[in-house]
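Trainee: Quick note: the sequence shown uses the numbering used here, first residue 24, plus one each step. First the structure, which I've put down as C-alpha cells, then a few questions once you've had a look.
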Amino acid sequence: MKETEKIEIMHFDQEGYLEDGKALYETGKKMTALADKVADEGYDAVFLMGVGGTWDELMQLEYLMNKFGDRDLEVYLIHAAEWNVMGHKRMTEKSVVLTASESGTTPEVLEAVKKMKDMGVRVYAMTKPEGPIGQAVGAENCVAMASDHGSGGCEKGYYLADCFGLR
Numbered sequence: 024m025k026e027t028e029k030i031e032i033m034h035f036d037q038e039g040y041l042e043d044g045k046a047l048y049e050t051g052k053k054m055t056a057l058a059d060k061v062a063d064e065g066y067d068a069v070f071l072m073g074v075g076g077t078w079d080e081l082m083q084l085e086y087l088m089n090k091f092g093d094r095d096l097e098v099y100l101i102h103a104a105e106w107n108v109m110g111h112k113r114m115t116e117k118s119v120v121l122t123a124s125e126s127g128t129t130p131e132v133l134e135a136v137k138k139m140k141d142m143g144v145r146v147y148a149m150t151k152p153e154g155p156i157g158q159a160v161g162a163e164n165c166v167a168m169a170s171d172h173g174s175g176g177c178e179k180g181y182y183l184a185d186c187f188g189l190r
C-alpha cells in the first residue's frame, strides 16, 4: 500500500517514551511484588483511595477487579475526603488500601493514611517515599511515581495500579 500522507503527534518523543516504558516496566515489578505480599498475608477487602485525578484513575481498576476478580473479592473505590468524614463500614485491620499522590502531600490522602495506619490497616502508595504520605505508609510500602508525566503521560499511574490490582 502506498503511503499518501504522514501523520505525526506533535512534540512526541518516541525515544523518551520507550525509555520511560522500560523504567516503568521495572517499577511495575515492585508493584507486583507488593500484590504478592498482600495475597500471601491475606486480606478481607481492597480499597482504592484517591482524590481528584487519582480517584478517576483508580475507577477503572475498581471496575476491572470487581468484574474479573474472584467471586469473594471485595473492592471499593473511596474518596479520601469522604472517608475522613464517614469512614467505611467494611474497612477492618485486615483490609488493604492502595492510594497515589504525585506530589506526596495531598492533604486529604495524608489525613486518611494516618487514620488508617492507626486502625492497623495496611496502606500501599504510589508516591515519593520521602514525602509526607510516603513517610506515613513507610518507604517499603511505596513505589515512586514520576512527579511529571514525562513522555508516558498519566498512563504510568494506570499501569502501576494495574500491576497491583490485576495481579
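All C-beta atoms, glycine included, are put in the ideal place defined by N, C-alpha and C.
CB Y147 to CB V132, shorter than 9 Å?
Mentor: Numbered from its first residue, the sequence shown carries residue 147 at position 124. Numbered from its first residue, the sequence shown carries residue 132 at position 109. No, the pair does not count as a contact, with Cβ atoms beyond the cut-off.
Trainee: For a quick check, are the C-beta atoms of V120 and L71 less than 9 Å apart?
Mentor: Position 97 of the sequence shown, counting from 1, holds the residue named residue 120. Position 48 of the sequence shown, counting from 1, holds the residue named residue 71. Yes.
Trainee: Please list, in chain order, all residues of the same chain as P155 whose beta carbon is under 8 Å from its beta carbon, the five residues on each side excluded.
Mentor: The residue you call residue 155 lines up with position 132 of the sequence shown. Closer than 8 Å at Cβ, skipping near neighbours: G127, T128, L133.
Trainee: If we require 3 or more residues per run, which beta strand (DSSP E) segments fall completely within the stretch 96-131?
Mentor: Listed in chain order, the complete beta strand (DSSP E) runs (minimum 3 residues) inside the stretch 96-131 are 98-102, 119-123.
Trainee: Do D43 and K151 have their CB atoms nearer than 9 Å?
Mentor: As a position in the sequence shown, residue 43 is number 20, starting the count at 1. As a position in the sequence shown, residue 151 is number 128, starting the count at 1. No, Cβ-Cβ distance for D43 and K151 is not below 9 Å.
Trainee: Under the three-state reduction of DSSP, which class applies to F70: helix, strand or coil?
Mentor: Taking the sequence shown and counting its residues from 1, one reaches residue 70 at position 47. Looking at F70 - three-state DSSP - the assignment turns out to be strand.
Trainee: According to DSSP, simplified to helix, strand and coil, what is M168?
Mentor: Here residue 168 refers to the residue found at position 145 when the sequence shown is read from its first residue. Residue state, collapsed to three classes: coil.
Trainee: Is it the case that the CB of V120 approaches a heavy atom of the ligand MG more closely than 8 Å?
Mentor: As far as ligands go, the structure on display features none, and thus does not contain the ligand MG.
Trainee: May I ask which residues mark the beginning and end of the alpha helix (DSSP H) holding V61?
Mentor: Locating residue 61 in the sequence shown gives position 38, counting from the first residue. Its alpha helix (DSSP H) spans residues 37-64.
Trainee: Determine the DSSP secondary structure at V144, reduced to helix, strand or coil.
Mentor: Against the sequence shown, residue 144 aligns to sequence position 121. The answer is coil: DSSP assigns V144 none of H, G, I, E or B.
Trainee: Closest to E105 by CA distance: which of V61, K117, P130 is it?
Mentor: By 1-based counting over the sequence shown, the position of residue 105 is 82. The option with the nearest alpha carbon to E105 is P130.
Trainee: Assess, as a yes-or-no matter, whether the stretch 84-104 is touched by the stretch 55-75 under the definition of 3 or more beta carbon pairs within less than 8 Å.
Mentor: Taking 8 Å as the limit for Cβ pairs, the verdict is that the stretch 84-104 does touch the stretch 55-75.
Trainee: In terms of residue numbering, what span does the alpha helix (DSSP H) encompassing A184 cover?
Mentor: Here residue 184 refers to the residue found at position 161 of the sequence shown. From DSSP, the alpha helix (DSSP H) with A184 extends over 178-188.
Trainee: For E163, tell me which candidate among I30, K53, E49 has the shortest Cα-Cα distance.
Mentor: Taking the first residue of the sequence shown as 1, we reach residue 163 at position 140. Nearest C-alpha to E163: K53.
Trainee: Taking a contact to mean a Cβ-Cβ separation below 9 Å, would you say F135 touches M168 in this structure?
Mentor: Against the sequence shown, residue 135 aligns to sequence position 112. Against the sequence shown, residue 168 aligns to sequence position 145. Checking the sequence shown, residue 135 turns out to be Ala, not Phe. No, these two residues do not count as a Cβ contact at 9 Å.
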